[in-house]
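Novice: One structure coming up, written as C-alpha cells, with questions to follow.
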Amino acid sequence: MILATFILIFRHFIMGLSLINMLKSIPTRWKSVLSMGITDETFTLTFFHKEKATPPFIGGIMLSAYCSWVIGTLLGCLLGDLIPQSMSIALYAMFIGLLIPSVRENWRIGLISIISMLLCYLFSFFLSSGWSIVLATILGSLAELLFLRGDQHE
677 MILATFILIF RHFIMGLSLI NMLKSIPTRW KSVLSMGITD ETFTLTFFHK EKATPPFIGG
737 IMLSAYCSWV IGTLLGCLLG DLIPQSMSIA LYAMFIGLLI PSVRENWRIG LISIISMLLC
797 YLFSFFLSSG WSIVLATILG SLAELLFLRG DQHE
C-alpha cells in the first residue's frame, strides 16, 4: 500500500518539475512559494495558459483553488448529510473536465486515457482496485511515452 501511495503521489513531483521548467524566467523565490499550491487543477490551468504564467496569475489560480477547497470542506461538514449519494459522481466529472482540454489539443491523450481505463478495468478482475489503478497509471504513462514521443511538449 505504501508503494501504491508513493506512485500516485509521485505525480506532484512530475507536475512540479514541469512547472519549474515552464517558469524559467520567474525568480526562484516565487517558484518556491508557487510550488506549495500545485494540484491537478492548478497545474492544468497553468499549463493551458502558459502565456499568462506570471507569479500573480498562478498565485491567483492557486489561491482560488485553496479558498474553494476550504469553503467546500466547510459546506461539506455543515451540509454533508443533505447531499445525496448520487453526488459522488462529481469527482469523476471533475477529472473528465480536466481531461477534455488536453484531448482537444491532442487526440492521442484521449486514446491514452481510454487505454488506461480499459487496463484498469481488466486488472480489476484479478487485482485489488488500488493495485489496478496503480498498474494502469504506470502502463498508461508508458503508453504516453510511446504515443507522444514525436510531439513537441515543453
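For the sequence shown, the numbering used here begins at 677 and goes up steadily by one.
Quick reminder that beta carbons are idealized off the backbone N, C-alpha and C, glycines included.
#1: For the alpha helix (DSSP H) containing Ala729, name the first residue and the last one.
#2: Residue range of the alpha helix (DSSP H) that Thr704 falls in?
#3: Run the CB neighbour count on His829, radius 10 Å, all protein chains shown included, and call it buried at 16 or more, exposed below.
#4: Looking only at its chain, what residues have a beta carbon closer than 6 Å to the beta carbon of Ala819, apart from the 5 residues adjacent to it on each side?
#5: Please name the residue in Ile814, Leu798, Gly713, Gly736 whose C-alpha comes closest to that of Ile683.
#6: What residue from Leu794, Leu767, Ile776, Pro777 has the CA that sits closest to Gly748's CA?
#7: Taking the alpha-carbon positions, what's the Leu835 to Pro731 distance?
#8: Assess, as a yes-or-no matter, whether the region 794-808 is touched by the region 739-746 under the definition of 3 or more beta carbon pairs within less than 8 Å.
#9: Under 8 Å Cβ to Cβ from Ile876, same chain only, skipping five residues before and after it: list those, please.
#10: For the alpha helix (DSSP H) containing Asp757, name the first residue and the last one.
#11: Using the Cα positions of Leu821 and Arg687, report the straight-line distance between them to the nearest angstrom.
#12: Please name the residue, chosen from Glu717, Ile785, Leu693, Gly816, that lies closest to Ala769 on a Cα-to-Cα basis.
#13: Around the Cβ of Thr681, are there at least 16 other Cβ atoms within 10 angstroms (buried) or fewer (exposed)?
Specialist: Straight from the coordinates:
#1: Ala729 -> no alpha helix (DSSP H), and no H or E assigned at all.
#2: According to the DSSP assignment, Thr704 belongs to the alpha helix (DSSP H) that extends over 704-710.
#3: Only weak support exists for where His829 lies, its pLDDT of 49 falling under 50; the coordinates are left without a value.
#4: Ile788, Ile791.
#5: Of the listed residues, the one whose Cα sits closest to Ile683 is Ile814.
#6: Looking only at Leu794, Leu767, Ile776, Pro777, the smallest Cα-Cα distance to Gly748 is reached by Leu767.
#7: For residue 835 there is no data in the structure shown, the boundaries of the chain being 677 and 830.
#8: These segments do not touch.
#9: Lying before the first or after the last residue shown, residue 876 is absent from the chain, which here runs from 677 to 830.
#10: Asp757 -> no alpha helix (DSSP H), and no H or E assigned at all.
#11: Roughly 15 Å separates the two Cα atoms.
#12: Out of Glu717, Ile785, Leu693, Gly816, the CA that lies nearest to the CA of Ala769 is found in Glu717.
#13: Counting Cβ neighbours within 10 Å, Thr681 comes out exposed, since fewer than 16 surround it.
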